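J.: Residue numbers (the working numbering), protein chains in the order written: chain A, 25 to 417; chain B, 25 to 417.
We put the CB at the ideal spot given by N, CA and C, even for glycine.
As the structure is a computational prediction, the values presented were derived from the model and not from experiment.
Just passing along the structure, written as structure tokens.
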């Protein structure tokens, strides 16, 4: 027989779509040079401020997240500027690539894949090799599933008047506590296909006053991702270039949902599912790729000894329609990545773990069926309703 | 914290919607008195014939399934006719109510709730208390989760020239082998919100030549559910009264999906999930309400001793957004019903069982977390890939 299979995304972007937001976009019929659309843009920006947990300006671009990352480089820097990049994976390397593309002098602090950045090493670099015009980092490194201590970096950088801290929080937003204003995160980058529960195609950037001052004197060439021009347009409820109208409508709807649900609840939900995923993985005898400071957005799991993670990913997809991500670059075939950011619930996680167990059994691993699910369930009970957890002991 | 919760239907109607079919309806903009719509109607009827596994006429009404059930009574019978109803639950009782409402002389063979009909008792009634104009039965009794042996009934009735066999297969279609032509099922009733994966609002009835002959002389009053009139309209690609246009569009799309997927695969999928559900329930120490001849459409489970099933249902819904059905009538509070007909896959079932386990633990039941899921997984491995099942032992 051929069983019925539904496709389910467990990838760290795109993530499952909030259908109510999709429906709103379907039902929309906007021209963007109207007062109705301007109101939508203004409200969306306000909702984004809530989502980012900031009073800073938040800018919006029709692009993927990388576009806004490039904008952070070109708007804040001039060719030849000295910058420090903390890199621990593919997205850290993207900061390096962007900074080099625009002629910066790049210093790096590297952490091995699967490890968080050594914050003390970052401090030493900042103190000894600076001054840097900018420090670039990820809030969470999606390619390896680790979280970096951006709060500590903020404390280092905020006292340096000539240095901005630029944080790629594309998977960090909505999955971890982030306080741009309190911690001194000068530019924070986000993307639509993550915890905001809509499709790819929009990038966000919050910009602090300190960053705006630096922008005034930055001389990198820029046109589409011109932060100052975009701020001016958005103040009028417009965008400098044609906006991605349906994505904006669905973003507005999704952020209304998120605002009603609560930013802290969304973060706690991701934290709960991440902890449950980690406990499930450990209960199955698999190794977590990130042993320390794991991300709430995505859990990276090492393939069992002698097995290509691609075999697990292929079987998950073919048998159960469950789409999980492979490792990137040199990690391809060694790890797989299971996401739980944005529109995921406990049911999703239980089913993903159950499918993983069946697939591992089918691939010949010696695992006890149901054991990972039980660990996830126990974690749910422990974190969600402590008073009742004892009944399962 | 307040976790994120998605609503998931595990009810035996409405069932999860096939989004591709919903999308097709959304994108439609039909007037029904057009050649384009007539073609859609004709194709839909052909697809329904495939779904019903019949060469008989299949009629289509804008109504719930009960409308077509009423039509079977009013089109085939005259007031005062003698009929036999096999009843084993709420839907068997509906046949009794319908036949009585139109003045039939009703004989009954009753099975206790949770049991299938005693086919030999049906035979004795047919042989001793007949002749009956019609024998009414369910293919599956949705209220208790049992399947009746309609094939055996067909063999009894088909040799009786004055008796038609009328089968409510509203949850039977797409979940069990049904051969109306070969078995002599004269009228078979279906509904849209079941294995056809679309919303409620359409009823179907297949009608055999034997039934058409009986219809010619039946004198019950009828107007909206006039089978002969509807056959005439459908032959032209029309309906006698305003059709439910968007439902028809989504039905057409869903039946295209089903035809590509395969009727037998759909039935085997329901059978696989049903067996996995039963094994999970037993592994958790719960009692199946239908010990014999269980339905592939829905699994009825007895609440643990001293517990109202409503408490389980409420917690499933509130904690996990998982909507399962209560018992009906006198079974309310005693059982809950978990559906697996139509657009369900293994992932759905694993997650439903996982949620059930957590809820039972929270309600103080002594259950081993993950054990029901493991039983479902083992069943999946055994039935889906026999050669690999041994690795999990």
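1. Using a Cβ cut-off of 8 angstroms, pull out every chain A residue sitting near residue 404/B, in sequence order please.
2. Determine, for residue 29/A, whether the minimum Cβ-Cβ distance to residues of chain B falls below 8 angstroms.
3. By DSSP, does residue 84/B sit in helix, in strand, or in coil?
4. Within the same chain, show all residues whose beta-carbon is closer than 6 angstroms to that of residue 152/B, passing over the 5 residues directly before and after it, in chain order.
5. Using a Cβ-Cβ cut-off of less than 8 angstroms, give me the residues of the segment 69-88 of chain A that come near chain B, in sequence order.
6. Check the Cβ-Cβ distances between residue 292/A and every residue of chain B, and say whether any is below 8 angstroms.
7. Anyone know if the C-beta pair for residue 298/B and residue 318/B falls short of 8 angstroms?
8. In whole angstroms, what separates the C-alpha of residue 411/A from that of residue 363/A?
9. Exposed or buried, what is residue 414/A when buried is set at 16 or more other beta-carbons lying within 10 Å of its beta-carbon?
10. Given residue 73/B, which residues of its chain have a CB within under 6 angstroms of its CB, disregarding the five upstream and five downstream residues?
11. Touching or not, the segment 108-126 of chain B and the segment 152-162 of chain B, by the rule of three or more beta carbon pairs under 8 angstroms?
12. Quick one: measure Cβ to Cβ for residue 213/B and residue 93/B, integer angstroms, because I've assumed they're closer than 8 angstroms.
13. With C-beta atoms as the reference, is residue 296/A less than 8 angstroms away from residue 305/A?
14. Residues in the same chain with beta-carbon distance under 6 angstroms from residue 49/B, minus the five sequence neighbours each way, listed in chain order, please.
15. Is the Cβ of residue 326/A closer than 8 angstroms to any Cβ of chain B?
16. When DSSP labels each residue in this structure, what does residue 160/B get in the three-state scheme?
17. Under 8 angstroms: do the segment 185-192 of chain B and the segment 202-212 of chain B share three or more Cβ pairs, one atom per stretch?
18. Just list the alpha helix (DSSP H) runs in the segment 332-405 of chain B, keeping only unbroken ones of 4 residues or longer that don't cross its boundaries, in chain order.
19. Do residue 78/B and residue 205/B have their C-beta atoms within less than 8 angstroms of each other?
20. Can you tell me the Cα-Cα spacing of residue 165/B and residue 333/A, whole angstroms?
21. Does chain B have any CB closer than 8 angstroms to the CB of residue 54/A?
22. Step through the CB atoms of chain B and report whether any lies within less than 8 angstroms of the CB of residue 374/A.
23. Against chain A, does residue 338/B count as a neighbour if the rule is that its beta carbon must be under 8 angstroms from one of theirs?
24. Please list the residues of the segment 344-372 of chain B that have a C-beta atom closer than 9 angstroms to any C-beta atom in chain A, keeping them in chain order.
25. Using a Cβ-Cβ distance cut-off of 8 angstroms, determine whether residue 25/A contacts chain B.
26. Is the Cβ of residue 198/B closer than 8 angstroms to any Cβ of chain A?
27. Please state if the CB of residue 337/A and the CB of residue 360/A are separated by a distance shorter than 8 angstroms.
28. What does DSSP give as the partner residues of residue 132/A in its beta bridges?
29. Here's the rule I'm using: 16 or more other beta-carbon atoms within 10 Å means buried, otherwise exposed. How should residue 369/A be labelled?
30. Residue 228/B: which of 80/B, 282/B and 393/B sits nearest, CA to CA?
31. How long is the line joining the alpha carbons of residue 416/A and residue 379/B, rounded to whole angstroms?
32. Based on DSSP bridge pairs, tell me the residues matched to residue 32/B.
33. Given that residue 395/A touches chain B, what residues does it touch there, using C-beta distances under 9 angstroms?
34. Strictly below 7 angstroms CB to CB, what residues from chain A border residue 289/B?
35. Give the residues of chain A in contact with residue 41/B, contact being defined as C-beta atoms less than 9 angstroms apart.
36. Going along chain B, which residues have a C-beta under 8 angstroms from residue 286/A?
T.: In brief:
1. 382
2. yes
3. strand
4. none
5. none
6. yes
7. yes
8. Unreliable positioning characterises residue 411/A in this predicted model, as indicated by a pLDDT of 47, which lies under 50. A coordinate reading is not provided.
9. Annotation note: pLDDT 43 at residue 414/A (below 50); position unreliable, coordinate value reported separately. Exposed, by the Cβ-count rule.
10. 82
11. yes
12. 6 angstroms
13. no
14. 270, 273 and 274
15. no
16. strand
17. yes
18. 333-344 and 370-386
19. yes
20. 45 angstroms
21. no
22. yes
23. no
24. 344, 345, 346, 366, 367, 368, 369, 370, 371 and 372
25. yes
26. no
27. yes
28. 109/A
29. buried
30. 80/B
31. Because residue 416/A sits at a pLDDT of 40, beneath the cut-off of 50, its placement in the model cannot be relied upon, and the point is left open.
32. 346/B
33. 394 and 398
34. 25 and 26
35. Chain A residues near residue 41/B: none, gap ~10 angstroms exceeds 9 angstroms.
36. 26
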